[in-house]
Amino acid sequence: MKSDQLEDLWSQLRLHIEWAQGFSLILLFAQHPQPVNLLRERLADSLRLRTQRLRVWQPSSTDEVGTLAEQIFKASGNLAAGPLWVELWRHAAEGSWQQARTQLLLRLNERRFLLERDLRKPLLLLLP
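Following the UniProt record's numbering, the numbering of the sequence shown begins with 1 at its first residue and continues without gaps.
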């Protein structure tokens, strides 16, 4: 991704996060760690200026992906915390990871009413 494209993406993402009132689902698609790391760091820095904290999940196994839905729903209780950042873009071609991502998305979709009602903060899912 070119630096000007990344800057445009960051500007749009920052505005979306700053203006979000309540739940917002943001899907980002990634293939390389450099832009992911840059966006995550910029968002974390921006939130710190507003005394919020970015909650980051970077599962290292498919078993960890399997527990993410419950962790996301538990995060709804902390209203002072900032957005949730879930990195699922790694291991794009591995079948077990594809299945784990699909299962997580299905669980979140099945309970989307609870996300919309209770989460009250942006949820960023980074997918391949």
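No residue lacks a Cβ here, since even glycine has one placed at the ideal position from N, Cα and C. Bear in mind that the values here come from a model prediction, so they are computed numbers and not experimental data.
Annotated three-state conformation of Trp10 is helix, per DSSP. Only exposed fits Trp19, as fewer than 16 other CB atoms lie within 10 angstroms of its CB. Beta-bridge pairing by DSSP links Ser3 to no other residue. Taking one beta carbon from each stretch, the segment 34–43 and the segment 98–109 have fewer than 3 pairs nearer than 8 Å; the two do not touch.
With a cutoff of 9 Å on beta-carbon distance, Gly82 and Lys121 are scored as near each other. If you check the CB distance, Leu114 and Phe73 come in under 9 Å. Counting every other CB atom within 10 Å of its CB across the protein chains shown gives Pro33 a total below 16, marking it as exposed. Rounded to the nearest angstrom, the Cβ distance from Trp89 to Val36 is 7 Å, consistent with a contact under 8 Å.
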